[in-house]
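Chemist: Sequences listed follow chains A and B, in order.
Going from the first sequence to my numbering is simple: count from 1 and add 12.
Going from the second sequence to my numbering is simple: count from 1 and add 212.
Even for Gly, the Cβ is constructed at its ideal location relative to N, Cα and C.
Since the model is a prediction, treat every value here as computed from it, not as a measurement.
Take this structure, written in structure tokens, and hold onto it; I'll ask about it next.
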Amino acid sequence: MRWNRGGRPINILLVEDSPGDARLTQEALREGKVTNVLYMVRDGEEAVRFLRREPPYNNKPTPDMIMLDLNLPRMDGREVLARIKNDPDFRHIPVVVLTTSKAEEDIASAYDLRCNCYITKPVDLDQFLKIIRQIESFWLSVVCLPAAA
Amino acid sequence: MRVAPLRSFRAKLLVLVALATSVGVLVVSATMRLIEVMEVRPTALSELSTDAAVIATHSAASLTFDDRKAATETLAALQALPKVVAARIFDRSGALFSKYERAGEPLTPPAGPAMEGHRFEDNRLTLSRAIMHESDHLGTLMMVYDLSEYYRRIRRNTIISLVICVIAVGASLLLALRLQRGLARPVRELIDTSHRISQSNDYSLRATCFEADELGDLTASFNTMIARIEERDSDLVKVRRALEDSNEQLQQFAYVASHDLQEPLRMVASYLQLLEKRYGEKFEGEAREFFAFAVDGAKRMQRLINDLLEYSRVNSQGKPAARVESNAIVEEAIQNLSAAIAESGAQVTHDDLPVIDVDRTQMTQLFQNLIGNAIKFHGDDPPRVHLSVQRNGSNWRFSVKDNGIGIDRRYADRLFVIFQRLHDRSRYEGTGIGLAVCKRIVERHGGKIWFESEVGHGTTFLFTITIGNESRP
């Protein structure tokens with residue numbers, strides 16, 4: 013495993029309500045090339061609290077990357093995206109939308125809300141694992157991320 | 213807007229009345245005057261004969277006693293009869309015995325004494341009769357009547373008739389003007405009401421019935437008709453709203469169902485695969501086979517759901533038509549199929565295709581599906597696909613011809629049905645939605661799609677697209 017960011021692991025926040033999907037993502041990232049720490053929250057409100065370091069997330073770091081599912085209970089994923097991207101403290105964080113829908117209007121609205129990229133979750137496990145690894149490889153190795161606040 | 217037709221309807225009515233009255237009055241007057249004219253002569257003759265008889269009787273004595281003075285006095289009495297302009301008495305031998313001439317009357321002395329008889333000449337009636345005493349012929353009396361008086365009277369009557377005619381026509385017009393309101397009102401009411409209804413589309417309006425005559429009848433049936441239209445209209449509106457609602461619900465249902473079904477499916481498929489991956493070695497051959505079936509099932513279900521979504525999106529997310537170059541979108545479809553083309557060694561060609569008015573995304577999908585099928589269902593030879601077009605009245609008729617395995621005509625009616633497949637999955641993959649989507653796209657653009665084929669000898673798919681206004685050559 014390579015270490016990035018001057019030796020510290022990458023912090024990834026996964027906003028995903030399906031435990032099955034969350035687990036799969038976790039498994040995939042575990043096998044990745046870059047050391048990462050995965051934080052998981054189940055819905056949008058938790059995500060915002062996490063970012064703001066409100067209890068019980070007082071000691072959590074600001075994530076280097078956010079993976080966001082759009083279909084969330086209570087606060088919809090789009091609203092979370094909007095909140096993140098409109099907040100001067102968090103809008104620099106790359107948001108990878110990882111969701112089931114491949115409908116044109118969903119893609120369009122996500123980019124309109126300034127997500128950094130939009131990925132449709134595939135059915136096939138191998139494909140899914142491959143995509144997670146590609147995300148990791150691209151965003152965490154190829155791309156330069158801004159310094160954490 | 214005041215109604216022009218009614219003015220001419222009223223005009224027609226008034227003209228009718230005026231004509232009827234004038235004809236009536238004129239016919240009557242003319243007949244009367246004609247009769248009068250025809251009676252002038254007989255009347256004159258009768259009057260003059262009477263006068264002459266009287267004078268003759270009174271003159272008999274003067275002739276017998278040869279008293280010219282008496283005779284002249286008798287004749288002078290004719291002064292009292294304005295119609296008489298001259299009179300002459302001749303004696304037995306025909307010599308002039310006595311005469312009378314009205315003052316101021318021009319007189320051409322009549323030629324000699326006729327014995328008895330009369331003559332009409334120049335507005336004058338000349339009458340001669342014998343003066344008798346018992347059976348003694350004493351002499352002849354000739355009298356001349358001026359008929360101008362009669363004709364003057366007739367002329368005066370004619371003028372009076374004409375004046376009366378004008379008055380009568382005027383009076384009847386006035387009367388008609390008054391009375392025609394009774395006729396015109398229901399007609400105007402009908403016209404006004406129907407105009408208001410057609411402008412406002414308000415079918416609750418009704419025309420007022422004024423009388424229980426034929427027009428009242430007409431108004432009543434008009435109202436009944438409007439009531440029926442109103443009923444039908446509100447039914448239609450209800451039905452349409454119900455359909456729209458139902459449609460919307462169905463679309464929503466399809467969308468939500470498809471979306472929400474995907475997630476659990478993914479769980480099933482992914483974790484089965486994960487299981488296989490992590491614990492695969494612990495399972496024997498049979499278990500692997502079971503896994504394969506399970507995973508395959510889940511994956512297929514996912515594809516089916518996606519296809520269903522795609523199918524329902526044809527109508528729910530169709531975009532309005534715009535000018536599209538067919539050549540360009542065919543090229544794009546070919547580009548999208550580049551992998552399949554390379555893999556099968558296919559050759560795809562097309563004629564120069566026209567500009568059409570369509571939803572660009574859907575038409576590209578249509579071409580892609582058809583070309584894709586043409587490539588997929590190939591036989592032993594590498595697939596060769598050709599697209600062409602033909603002008604057919606107000607339509608473009610596109611054809612996609614291939615040299616593939618062909619289609620048994622027995623299955624013609626199943627071909628475009630959703631999820632119907634004609635081959636088993638091991639030989640040709642696909643969910644069987646491609647052609648159903650094609651059909652929906654074509655029908656959304658108002659066209660038709662069909663195929664011509666023979667098993668083993670390739671297939672040609674044909675579809676029509678209406679020639680739009682913008683792309684008319």
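So which residues on chain B does Lys133 of chain A lean against when the C-beta distance must stay under 7 angstroms?
Modeler: Residue 133 of chain A sits at position 121 when you count from the first residue of the first sequence. The answer, in chain order, is Arg478.
Chemist: Starting from the beta carbon of His471 of chain B, find every residue of chain A whose beta carbon is closer than 9 angstroms, and list them in chain order.
Modeler: Taking the second sequence and counting its residues from 1, the one referred to as residue 471 of chain B is at position 259. Going along chain A in sequence order, the residues near His471 of chain B (Cβ under 9 angstroms) are Asn83, Thr112, Ser113, Ala115.
Chemist: Taking only beta-carbon atoms, is Arg145 of chain A less than 8 angstroms away from chain B?
Modeler: The residue you call residue 145 of chain A lines up with position 133 of the first sequence. So no, Arg145 of chain A is outside the interface.
Chemist: Quick check on Cys127 of chain A: buried or exposed, where buried means 16 or more other Cβ atoms within 10 Å of its Cβ?
Modeler: Locating residue 127 of chain A in the first sequence gives position 115, where the first residue counts as 1. Flag for Cys127 of chain A reads buried.
Chemist: Is Val629 of chain B helix, strand or coil when you go by DSSP?
Modeler: Position 417 of the second sequence holds residue 629 of chain B. DSSP places Val629 of chain B in the coil class of the three-state scheme, outside both helix and strand.
Chemist: Using 8 angstroms as the threshold, is the region 357-375 of chain B in touch with the region 394-406 of chain B, meaning 3 or more CB pairs across them?
Modeler: no
Chemist: Label Phe277 of chain B either buried or exposed according to how many other C-beta atoms from any shown protein chain fall within 10 Å of its C-beta, with 16 as the threshold for buried.
Modeler: Position 65 of the second sequence holds residue 277 of chain B. Looking at its Cβ environment, which holds fewer than 16 other Cβ atoms inside 10 Å, Phe277 of chain B is exposed.
Chemist: Could you give the residue range of the alpha helix (DSSP H) that holds Arg397 of chain B?
Modeler: As a working mapping, residue 397 of chain B is identified with position 185 in the second sequence. Counting along the chain, the alpha helix (DSSP H) containing Arg397 of chain B begins and ends at 360-412.
Chemist: Contact criterion: CB-CB distance below 8 angstroms. Does Leu36 of chain A meet it with respect to chain B?
Modeler: Reading the first sequence from its first residue, position 24 is the one you call residue 36 of chain A. It does; some Cβ of chain B falls within 8 angstroms.
Chemist: Near Gln559 of chain B, which residues of its chain fall below 6 angstroms by C-beta distance, leaving aside the five closest residues on each side in sequence?
Modeler: Taking the first residue of the second sequence as 1, we reach residue 559 of chain B at position 347. These residues qualify, in order along the chain: Arg596.
Chemist: With 8 angstroms set as the bound, which would you pick, yes or no: does the beta-carbon of Ala481 of chain B sit closer than that to a beta-carbon of chain A?
Modeler: As a working mapping, residue 481 of chain B is identified with position 269 in the second sequence. Chain A contact via Cβ: present.
Chemist: From Phe102 of chain A to Leu63 of chain A, what does the alpha carbon distance come to, in whole angstroms?
Modeler: Start at 1 with the first residue of the first sequence, and residue 102 of chain A comes out as number 90. Start at 1 with the first residue of the first sequence, and residue 63 of chain A comes out as number 51. Whole-angstrom Cα-Cα distance: 8 angstroms.
Chemist: Look at the alpha carbon of Glu423 of chain B and the alpha carbon of Ser234 of chain B, and state the distance between them as a whole number of angstroms.
Modeler: Numbered from 1 along the second sequence, position 211 holds the residue referred to as residue 423 of chain B. Numbered from 1 along the second sequence, position 22 holds the residue referred to as residue 234 of chain B. Going by the C-alpha atoms only, they are around 30 angstroms apart.
Chemist: Just to confirm the assignment: which complete beta strand (DSSP E) runs, minimum length 3, are found wholly within the region 479-559 of chain B?
Modeler: 534-537
Chemist: Using DSSP with H/G/I as helix, E/B as strand and the rest coil, what is Arg222 of chain B?
Modeler: Mapped onto the second sequence, residue 222 of chain B falls at position 10. Reduced to three states, the DSSP call for Arg222 of chain B is helix.
Chemist: Taking 8 angstroms as the threshold, find out whether the region 223-230 of chain B comes into contact with the region 506-526 of chain B through three or more Cβ pairs.
Modeler: no
Chemist: In three-state DSSP terms, what is Glu91 of chain A?
Modeler: What you label residue 91 of chain A is simply residue 79 of the first sequence in a count that begins at 1. Helix, per DSSP.
Chemist: Mind checking Pro158 of chain A: buried by the 16 CB within 10 Å criterion, or exposed?
Modeler: Position 146 of the first sequence, counting from 1, holds the residue named residue 158 of chain A. Label assigned to Pro158 of chain A: exposed.
Chemist: Alpha carbon to alpha carbon, how far is Asp55 of chain A from Leu110 of chain A? Give it in angstroms, no decimals.
Modeler: If you number the first sequence from 1, residue 110 of chain A lands on position 98. If you number the first sequence from 1, residue 55 of chain A lands on position 43. If I take the Cα positions, the gap works out to 14 angstroms.
Chemist: Near Leu287 of chain B, which residues of its chain fall below 8 angstroms by C-beta distance, leaving aside the five closest residues on each side in sequence?
Modeler: Position 75 of the second sequence, counting from 1, holds the residue named residue 287 of chain B. So the list reads Ile267, Ser271, Ala299, Ile301, Ser310, Lys311, Tyr312, once near-sequence residues are dropped.
Chemist: Is the CB-CB distance between Gly616 of chain B and His590 of chain B below 8 angstroms?
Modeler: By one-based count along the second sequence, residue 616 of chain B stands at place 404. By one-based count along the second sequence, residue 590 of chain B stands at place 378. Taking C-beta atoms as the reference points, Gly616 of chain B and His590 of chain B count as a pair closer than 8 angstroms.
Chemist: To the nearest angstrom, report how far apart Gly394 of chain B and Ser416 of chain B are at their CA atoms.
Modeler: Within the second sequence, residue 394 of chain B is the residue found at index 182, counting from 1. Within the second sequence, residue 416 of chain B is the residue found at index 204, counting from 1. Going from the Cα of Gly394 of chain B to the Cα of Ser416 of chain B covers about 25 angstroms.
Chemist: Whose C-beta lies closer than 7 angstroms to the C-beta of Met52 of chain A among residues of the same chain, with five residues either side of it excluded?
Modeler: Start at 1 with the first residue of the first sequence, and residue 52 of chain A comes out as number 40. Correct list, in chain order: Leu26, Glu28, Ala34.
Chemist: Taking C-beta pairs closer than 7 angstroms, name the residues in chain A that Glu475 of chain B reaches, listed in chain order.
Modeler: For the purposes of this step, residue 475 of chain B is taken as residue 263 along the second sequence, with counting starting at 1. Within 7 angstroms Cβ-Cβ: Ser30, Thr112.
Chemist: How would you list, in chain order, the residues of chain A whose beta-carbon sits under 8 angstroms from the beta-carbon of Gln463 of chain B?
Modeler: Position 251 of the second sequence, counted from the first residue, corresponds to residue 463 of chain B. Chain A residues near Gln463 of chain B: none, gap ~13 angstroms exceeds 8 angstroms.
Chemist: If you pair each beta-carbon of the region 348-358 of chain B with each one of the region 241-255 of chain B, do three or more pairs fall below 8 angstroms?
Modeler: Here the region 348-358 of chain B makes no contact with the region 241-255 of chain B; the two share fewer than three CB pairs at distances below 8 angstroms.
Chemist: For Val49 of chain A, collect the residues of the same chain with a Cβ closer than 6 angstroms to its Cβ; drop the 5 residues on either side in sequence, then sort them by chain order.
Modeler: Here residue 49 of chain A corresponds to residue number 37 of the first sequence, with the count starting at 1. If we look at Val49 of chain A and ignore the five residues flanking it on each side, its Cβ neighbours are Pro21, Asn23.
Chemist: Let me see if you follow: with CB-CB separation under 8 angstroms, is Ala533 of chain B close to chain A or not?
Modeler: Position 321 of the second sequence, counting from 1, holds the residue named residue 533 of chain B. Under the Cβ criterion of 8 angstroms, Ala533 of chain B is not counted among the residues facing chain A.
Chemist: Here's the rule I'm using: 16 or more other beta-carbon atoms within 10 Å means buried, otherwise exposed. How should Gln461 of chain B be labelled?
Modeler: If you number the second sequence from 1, residue 461 of chain B lands on position 249. Burial call: exposed.
Chemist: If we require 4 or more residues per run, which alpha helix (DSSP H) segments fall completely within the region 43-84 of chain A?
Modeler: 56-64
Chemist: When Cβ atoms are compared, which residues of the region 89-106 of chain A fall closer than 9 angstroms to chain B?
Modeler: So the list is empty, because no residue satisfies the distance condition.
Chemist: Taking only beta-carbon positions, decide if Met13 of chain A is within less than 8 angstroms of chain B.
Modeler: Position 1 of the first sequence holds residue 13 of chain A. Model confidence at Met13 of chain A stands at a pLDDT of 43, short of 50, so the residue's coordinates are unreliable; what they give is reported in the following sentence. With 8 angstroms as the cut-off, Met13 of chain A does not count as an interface residue toward chain B.
Chemist: Check Arg300 of chain B in the structure and name its three-state DSSP category.
Modeler: Walking along the second sequence from the start, residue 300 of chain B turns up at place 88. If DSSP states are grouped into helix, strand and coil, Arg300 of chain B belongs with the strands.
Chemist: When the cut-off is 8 angstroms and only beta carbons count, does Lys494 of chain B lie next to chain A?
Modeler: Residue 494 of chain B sits at position 282 when you count from the first residue of the second sequence. Chain A, which has no Cβ nearer than 8 angstroms to the Cβ of Lys494 of chain B, makes this no.
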